[in-house]
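This report refers to the structure that appears directly beneath it.
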Amino acid sequence: MPNKCCVPGCTGNYKTGKKIQVFSFPKDADALKQWLRAIPRKDFVPTSCTKVCADHFDASCIEKTTSYTDPRTGRVIEIALPVPRLRPGSVPTVFPGCPSYLSVRDQSTRETPDAKRSRQEASQLARAVEESLAHMKRSKNETGFRPSKN
Numbered sequence: 026m027p028n029k030c031c032v033p034g035c036t037g038n039y040k041t042g043k044k045i046q047v048f049s050f051p052k053d054a055d056a057l058k059q060w061l062r063a064i065p066r067k068d069f070v071p072t073s074c075t076k077v078c079a080d081h082f083d084a085s086c087i088e089k090t091t092s093y094t095d096p097r098t099g100r101v102i103e104i105a106l107p108v109p110r111l112r113p114g115s116v117p118t119v120f121p122g123c124p125s126y127l128s129v130r131d132q133s134t135r136e137t138p139d140a141k142r143s144r145q146e147a148s149q150l151a152r153a154v155e156e157s158l159a160h161m162k163r164s165k166n167e168t169g170f171r172p173s174k175n
């Protein structure tokens with residue numbers, strides 16, 4: 026018997042609902058807190074049998090294929106997974122039938138301070154290299170050797 030979805034109002038894998046892939050709750054405490062915060066159920070405690078169906082995840086969160094790079098030839102081989110799986114860090118964000126503020130489709134993430142710092146350093150370095158090359162070209166043109174016409 027397939028497991029049913031625990032999200033309120035969802036009929037995933039019920040007799041009257043559609044049959045769909047379901048995912049277990051994460052074992053990691055931080056990820057579990059994120060899932061519990063995202064699912065609109067008050068005082069909810071999941072068990073080992075509690076599942077969430079694929080309808081509640083953005084399509085980019087679900088891996089349906091895996092790839093392997095052959096070290097000898099460098100060729101990338103892509104294979105369909107027999108059972109789709111969630112990408113690490115995926116959180117359910119799609120809740121049709123619930124108020125719209127509970128469904129966050131485009132969840133923008135902030136850039137980490139380290140990533141921002143390295144991005145800014147890279148752009149400043151690129152700008153400094155461009156300025157240096159332009160200065161070198163100007164000074165070469167101004168002070169370069171030019172044979173006189175006699």
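In short: position in the sequence shown from 1, add 25, done, that's the working numbering.
Glycine included, each C-beta is placed from N, C-alpha and C at the ideal position.
Source: prediction; values computed, not measured.
I need the DSSP call for residue 136, collapsed to helix, strand or coil.
coil
So, using beta-carbon positions, are residue 32 and residue 81 closer together than 7 Å?
yes
Is residue 48 buried or exposed, if buried means 16 or more other CB atoms sit within 10 Å of its CB?
Buried: at least 16 other Cβ atoms inside 10 Å.
Within the same chain, show all residues whose beta-carbon is closer than 7 Å to that of residue 148, passing over the 5 residues directly before and after it, in chain order.
none
In three-state terms, what does DSSP make of residue 92?
strand
Per DSSP, residue 102 forms a beta bridge with which residues?
93
In whole angstroms, what is the alpha-carbon distance linking residue 75 and residue 102?
The alpha-carbon atoms of residue 75 and residue 102 are separated by roughly 34 Å.
Using a 10 Å radius around the Cβ and a threshold of 16 neighbouring Cβ atoms, would you call residue 140 buried or exposed?
exposed
Looking at the unbroken beta strand (DSSP E) that takes in residue 76, where does it start and where does it end?
76-78
What residues in its chain sit with their C-beta under 7 Å from that of residue 52, if we drop five residues either side in the sequence?
none
If you draw a straight line from the C-alpha of residue 64 to the C-alpha of residue 92, how long is it?
31 Å
Below 8 Å on the Cβ atoms is my contact criterion, and I expect residue 38 with residue 78 to pass it. Report the Cβ-Cβ distance as a whole number of Å.
At roughly 7 Å, the Cβ-Cβ gap stays under 8 Å, so residue 38 and residue 78 are in contact.
When you compare the CB positions of residue 60 and residue 50, do they come within less than 7 Å of one another, or not?
Yes; because the gap between Cβ atoms is below 7 Å, this pair is in contact.
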